[in-house]
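Residue numbers (my numbering): 127 to 418.
Structure first, then comments.
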Ligand SMILES: Cc1cc2nc3c(=O)[nH]c(=O)nc-3n(C[C@H](O)[C@H](O)[C@H](O)COP(=O)(O)OP(=O)(O)OC[C@H]3O[C@@H](n4cnc5c(N)ncnc54)[C@H](O)[C@@H]3O)c2cc1C
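So, in structure tokens, the structure goes:
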């Protein structure tokens, strides 16, 4: 089936208006941002919303990358291409540029948004792992106000998040820190494809010791998965090849991949270990550079 089921379409002119429209329409309405996940799903009839609320005219409110109150704040309508090009983001969190360089192609990157990527919650999607490793928080706005949710609590299952039918994800917030370094490693079948497996790592190094660590994997479990045992191992330790090898071993054990057309479970577990180690190695080198 290559055509979507019939639906109504509304173009929001304000954030409040978009939220009101969602509330009025009930559970059968969906926000549309870049449309690069939702439209293919509608064409395949995997999603059949009765009403689409288009938020693309809200760029002045929802498309930005800025530094504020010790955080980098990214508006939900910020496109992949803007995340790729942002020098501010590359300076604080180079993991974004690493990931964006291997997400899809320019056509998708010019339209797809960070908000749509996170809300889609595809287990193989890249930015969820990036934001999980960075311990990001997201801002959700609904009829009764605003709430802030940690990435750790954001996904409820494959393609399911805590975002209520009448809520809109408006912003992603990531705390900045002087000795921070981060990196992304992905293996895909061809350039721009979804990952066979990918690892995001974020470290904060203070006085030669790891003060904070984030490790998250994409496509290696039914959801984005944070490797908390590896994070615990890393915290308080001094960066070394042996340490990163051990953390990779934990990632390999703690991931939960499924066999599919992209590869068998053993291969994916192997990838989890190797990619985690490589991402940690590069994150540490970058952290030590910023610390110096
Ligand atoms: C050919 C192709 C290749 C791709 N390759 C990759 C890849 O390698 N890696 C990767 O990570 N992704 C990939 N993608 C997915 C791409 O990144 C999508 O753009 C992204 O996943 C969704 O963003 P969007 O803005 O298009 O969301 P949409 O399709 O507009 O929306 C997706 C979902 O999120 C909801 N939503 C959107 N914005 C909000 C919001 N602000 N608040 C609440 N709900 C919201 C929608 O209702 C919908 O349920 C690919 C897509 C295509 C078509």
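We put the beta carbon where it would ideally sit given N, CA and C, even for glycine.
Treat the numbers as computed from the prediction; the structure is a model and nothing was measured.
With distances taken from CA atoms, which of the options is nearest residue i?
i, options, result
"residue 319", "229, 162, 161", "229"
"residue 210", "234, 194, 265", "234"
"residue 270", "185, 291, 260", "291"
"residue 348", "397, 385, 267", "385"
"residue 321", "339, 346, 274", "346"
"residue 134", "142, 140, 157", "157"
"residue 239", "205, 223, 263", "205"
"residue 186", "164, 352, 139, 264", "139"
"residue 151", "177, 163, 336", "177"
"residue 196", "263, 264, 216, 301", "301"
"residue 342", "353, 333, 335", "353"
Give the straight-line distance between the Cα atoms of residue i and residue j, rounded to the nearest whole angstrom.
i, j, result
"residue 307", "residue 297", "22 angstroms"
"residue 328", "residue 408", "10 angstroms"
"residue 293", "residue 281", "15 angstroms"
"residue 382", "residue 325", "14 angstroms"
"residue 309", "residue 405", "5 angstroms"
"residue 194", "residue 231", "31 angstroms"
"residue 284", "residue 277", "14 angstroms"
"residue 286", "residue 167", "14 angstroms"
"residue 460", "residue 388", "The structure shown has nothing for residue 460, since the chain only spans 127 to 418."
"residue 416", "residue 304", "7 angstroms"
"residue 181", "residue 344", "27 angstroms"
"residue 129", "residue 161", "14 angstroms"
"residue 323", "residue 313", "6 angstroms"
"residue 412", "residue 175", "44 angstroms"
"residue 221", "residue 179", "31 angstroms"
"residue 397", "residue 370", "14 angstroms"
"residue 226", "residue 357", "24 angstroms"
"residue 368", "residue 136", "55 angstroms"
"residue 251", "residue 212", "20 angstroms"
"residue 201", "residue 242", "11 angstroms"
"residue 216", "residue 172", "36 angstroms"
"residue 337", "residue 165", "42 angstroms"
"residue 265", "residue 236", "23 angstroms"
"residue 275", "residue 199", "14 angstroms"
If you measure between the beta carbons of residue i and residue j, is that distance less than 8 angstroms?
i, j, result
"residue 391", "residue 374", "no"
"residue 155", "residue 148", "yes"
"residue 144", "residue 184", "yes"
"residue 361", "residue 380", "no"
"residue 258", "residue 350", "yes"
"residue 189", "residue 170", "no"
"residue 141", "residue 246", "no"
"residue 253", "residue 260", "no"
"residue 359", "residue 376", "yes"
"residue 262", "residue 299", "yes"
Check the DSSP bridge columns for residue i and list the partner residues they point to.
i, result
"residue 145", "Partner(s): none; residue 145 has no beta bridge."
"residue 263", "276, 299"
"residue 270", "In the DSSP output, where bridge partners are listed per residue, residue 270 has none listed."
"residue 351", "343"
"residue 307", "329"
"residue 313", "323"
**Prompt:** Where in the region 175-208 do unbroken runs of the beta strand (DSSP E), each at least 3 residues long, occur, reported from the N-terminal end onward?
**Reply:** 177-180, 191-194, 197-201
**Prompt:** At what residue ranges does the region 357-405 contain a whole run of the alpha helix (DSSP H), taking only runs of 4 or more?
**Reply:** 367-380
**Asked** In the region 202-252, which residue ranges form an unbroken alpha helix (DSSP H) of at least 4 residues, counting only runs that do not cross its ends?
**Response** 206-211, 213-218, 221-226, 232-237, 240-246
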